[in-house]
Every structure is written in C-alpha cells, then in structure tokens.
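Asks: The sequence shown lines up with residues 16 to 253 when you count with our numbering.
For every residue, glycine included, the Cβ atom is placed at its ideal position computed from N, Cα and C.
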Amino acid sequence: MSACMLHVQYINMEKIIDTLIVSDIHIGSEVSRVRELTKVLKHLSLKRLVLDGDIFDNENPKRLKKDDWEFLSFLQTLVNKNVEVVWVQGNHDGFARNFFQMIGVKICREFQFIFDGKKCVVIHGHQYDRFLIRNRMISKTMNVSYRVLQKIDRGKRRTSRFMKKQYKFWLRLSPRVMKGAVKHAIDRKAQVVICGHTHQYMDKTARGVRYINIGSWTDSPSSFLALGKNGIGLEIFR
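1) Using 10 angstroms around the beta-carbon of S175, count the other beta-carbons present and answer buried if the total reaches 16, otherwise exposed.
2) With a Cβ-Cβ cutoff of 8 Å, do S237 and E99 count as a contact?
3) Terminal residues of the continuous beta strand (DSSP E) containing E102?
4) Going by Cα to Cα distance, which pick from R145, D69, N228 and S38 is closest to A111?
5) Distance, Cα to Cα, M217 vs V103?
6) Should I36 and D67 be called a contact, given that it needs their Cβ atoms to be closer than 8 Å?
7) Buried or exposed: which applies to Q127, given that a residue is buried once 16 or more other Cβ atoms fall within 10 Å of its Cβ?
8) According to DSSP, simplified to helix, strand and coil, what is L59?
9) May I ask you to report which of helix, strand or coil DSSP gives R225?
10) Using the beta-carbon count (16 or more within 10 Å), is M117 buried or exposed?
11) Taking Q127 as part of the beta strand (DSSP E), name the residues at either end of that continuous run.
12) Determine which residues share a DSSP beta bridge with M217 and list them.
13) I'd like to check one pair, I40 with V46: are the Cβ atoms closer than 8 Å?
14) Let me know the secondary structure DSSP gives T233 once reduced to three states.
15) So, using beta-carbon positions, are T213 and V197 closer together than 8 Å?
16) Comparing C-alpha positions only, which one of I122, E250 and K62 sits nearest to W232?
17) Roughly how many angstroms separate the alpha carbons of T34 and S88, rounded to a whole number?
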C-alpha cells in the first residue's frame, strides 16, 4: 500500500492536525524519502509543523535535487499561509539555519508547547549520543564513508540502510537517547518528550514521562507524529 493510500485513510479520521512533528529527513542524501513525505504533507491541513533536526544531510546545497527543492518550496508555502513552522536543530543540518531564517521558520535548540493539558518538549536527541560528542572526527569520517556507500549501493539501497541500522544498534543509541531525554523532560517538568536522531520510532513511558521517537524518512517504513483531536499518535508509511 502506498504512502498516499495510507494517508487518505488518516485524513478521513482527522482532517486538521494541531501539530505535526517530523525528524531526520536528510534531504540531499541518496536514501531520503523526501518525495514521499511531501506528497503526504500536501494532503494535510496543519496548524503547526515541527522539523525535529537533521532535515538536511550535509553542508553542500549542490547535493540538493528536484525533490529536495520541492519540499523546501512547500515549507515556504506553509509559512506564507501562516502555518507555524519550527526547526529544532540537529547534528546534520549544515546550512539549515541560514535557509530557515530566510524563509521565516522559527529556529530553536528545543521546542516546548502544551497539548491536551500536558507540557511537551521536542529535542533532536543527539545531545545524548556520547559517541558523537566524544569522537567528532571519527563520526565525520563515518558519515563521509556512508555517503560513498549510498552512491555505489544502487536500487533500493538496502545495503546502506542496513549498515546505518547496524551502526546505530551497535552504539545502543535508542536506550541512551531515551534515558537522557526522559531526564531532560523531568528537569523541564514536562510529561511528554519527543526526539529523533536514532532513526528508530518508539513510544514508551519511563519515570512517568512519555518518550516518543519519531523515526526517520530515510528508511521504509517512515513515520511522523501527529497531534490532534484523536490525541498523540505515530503515523507509519511504507
């Protein structure tokens, strides 16, 4: 079933979304599913869109392709329609700050809002990636190697996607990010904390805090978080 077919089922349930949060699109990379994401978002009526880090893959705008520019043009359209568009800084975003400033996107390190009487905090999650923090040069080298693998891994790029998942599993990113994010939420007196970075969607409760990881738009299935009259829910797209 296509992303659009899944999407039509969703908007029949809820046509207006209060807040939609998406993370790790990595536009400019060979594995980004930005085309599928743009198709889905164009069918929704949004009050707020939160871009939770790693929207860009690298610092080179020359890597952007037609589908990438179409997505960025769509963001500009949302801003022009007075939709609140927020960018939470990630670790991959490169020149994102300059671009988002230019089109009127709100820029922050973390974003807080109230939904259904609960305080929600959105952070990217790389703050709790100890390997990334302690080994920046090694991490940069691995990212360059990964981009090379994407280029030679043709077709559906199963090999490069598999290697990315294994790398993040080896680092045990999901439990580390969850632990750090939950502590951060408690410090902020928040009941919900929302992250990306690990590329693995998750919805768990720990120490009285609901932890949600949105996943990414580089893998299939992909996902985003929708908050509306039906509550808070991860929407999964294949």
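Replies: Quick look at the numbers:
1) Annotation note: pLDDT 48 at S175 (below 50); position unreliable, coordinate value reported separately. Under this definition S175 is a buried residue.
2) no
3) One point to set straight first is that residue 102 is Trp, not Glu, in the sequence displayed. Counting along the chain, the beta strand (DSSP E) containing W102 begins and ends at E99 to V103.
4) D69
5) 19 Å
6) The answer is yes: Cβ separation under 8 Å.
7) exposed
8) coil
9) strand
10) exposed
11) It spans F126 to F130 - the beta strand (DSSP E) in which Q127 sits, taken as one unbroken run.
12) N228
13) no
14) coil
15) No Cβ-Cβ contact shorter than 8 Å links T213 with V197.
16) E250
17) 20 Å
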